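Oh and the sequence shown: position 100 is 100 in our numbering, straight run, nothing missing. Ideal Cβ placement from N, Cα and C applies to all residues, glycine included. Note that the structure is a prediction, hence the values are computed from the model and not measured. Please read the structure below before turning to the comments.
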Amino acid sequence: MKVLVLIEQSAPSRYWEAAVPLLAKKGVEVSFVTLRPPGPLSEIIAEKGIPVHALGAVSSLRYPIASFRLAALIRHGRYNIVHASESICAAISGVSRFISPGPVRLFHRHHNACPQKSRVFYDLANRLSDRTMTCSAFTKAFAVREDGVPEEKIRVAYNGITPLRHVEPAEIEGIRDRLGIPANAKVISIVGRLSEEKGHLNLISAARLAANRLSMPLHVVITGDGNYEPQIRRASQLADNVSVHFAGRQEDVAPWFAVGDVIAMPSYTEAFGISAVEAMCSGRPLVASGVGGLLEVVEDGVSGLLVPPEDPGSLSEAMLSVLNSVDFSRSLAEAGRKRVNDHFTMEKMVDGWIDCYNWALAKG
């Protein structure tokens, strides 16, 4: 089987750095292509012996040329599958079929709703792709309901992660010292993009409620960056009984999960929830919103706790149940790590991709 994996950017990515070589290890004859010019990711994958190409589209004005270049690459390589990640790449892959028909065009959807400016690419991707692979059943249902993709054209392959590195207690103590978190304090950690739908304001409200019922100081450590940071900072300044720390974007997220006594993921919507899987992998208990793909990732009461979205009271109660019980906290953390190992590893994800390739080829 010959597969061409097409993604947009060549920025460093642990996800693709692990997934593409793993496809090759499993016997897939894979090539890696970026829509944009080559970059660090292309170099990393090439060093692993994978053929690498770039379509060189420095802007959207170059997308038509990129479609011709992709068509030429397809003709030369005689691929069975074009695995296009997200809507822009899938749209260009679909357009290239008019120049170079042949392989199955697979649209890999990682998200649900798209910005209006990207709507045309989603429409083209949905219409011109032969098959769609989604990261969750929730995203599959969204594609059917909102975009009109026939259900029989979609298959689910869950995302996976590379294991987070082990974090020594001394490193956690060092972070707490730098942030000024006393030894007797409890810490809530949240890791992810600072955007409205991630629910940071809901978390700060819940933390204020929880702090009123704790006998020790409560701190919230927020890791990530994004355009919603000013609003989150303003809300944190009003939390007079909670200390809120902003760690910024961190390439190595392992210690920023590990610093928490509980990890919160109070999102209003999630297509899948990579941060939830990483949280479970970290060996810390997770409290998350019961929405979207998180309902498939987390077993409520077993590998984490799920609460209604935009409900600070329920979020507060769930976090307190973890913070007040060492045994319950340990039970959730251990079950969470096991669930990741059983269902959400890179190995499991790539096996799911290959199953999807075989299904797509069989469907013709």
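If you draw a 10 Å sphere on the C-beta of Val-242, you find 16 or more other C-beta atoms in it, and that means buried.
For Val-156, the enclosing beta strand (DSSP E) begins and ends at 154-156. Taking a 10 Å sphere around the C-beta of Met-319, we find 16 or more other C-beta atoms and assign the residue as buried.
The stretch 181-225 contains, as complete beta strand (DSSP E) runs of 3+ residues, the segments 186-191, 218-223 (chain order).
Three or more beta-carbon pairs separated by less than 8 Å link the stretch 302-316 to the stretch 201-221, which places the two stretches in contact.
In the structure shown, the three-state DSSP call for Val-307 is strand. Three or more beta-carbon pairs separated by less than 8 Å link the stretch 154-166 to the stretch 346-361, which places the two stretches in contact.
Take the alpha-carbon of His-245 and the one of Phe-68: they are about 49 Å apart.
Straight across, the Cα-Cα distance linking Lys-26 with Ser-189 is about 37 Å. Looking at the backbone, the Cα of Pro-182 and that of Val-52 are separated by about 50 Å. Taking C-beta atoms under 8 Å as the contact rule, Ser-195 and Gly-226 qualify, at a distance of about 5 Å. Of the other Cβ atoms in all chains shown, fewer than 16 fall within 10 Å of the Cβ of Ala-170; this residue is therefore exposed. In the DSSP assignment, Ala-54 falls within the beta strand (DSSP E) that extends over 52-54. DSSP, reduced to helix, strand and coil, places Ile-161 within a strand of the structure shown. Counting only the Cα atoms, Gly-94 lies some 10 Å from Ala-71.
The residue among Phe-32, Val-297, Ile-232, Val-144 with its C-alpha nearest the C-alpha of Leu-55 is Phe-32. Put simply, the backbone Cα of Val-20 is about 37 Å away from that of Ile-232.
Looking at the DSSP output, His-83 sits in a beta bridge with Val-5, Leu-106. Around the beta carbon of Gly-260, 16 or more other beta carbons sit within 10 angstroms, so the residue counts as buried.
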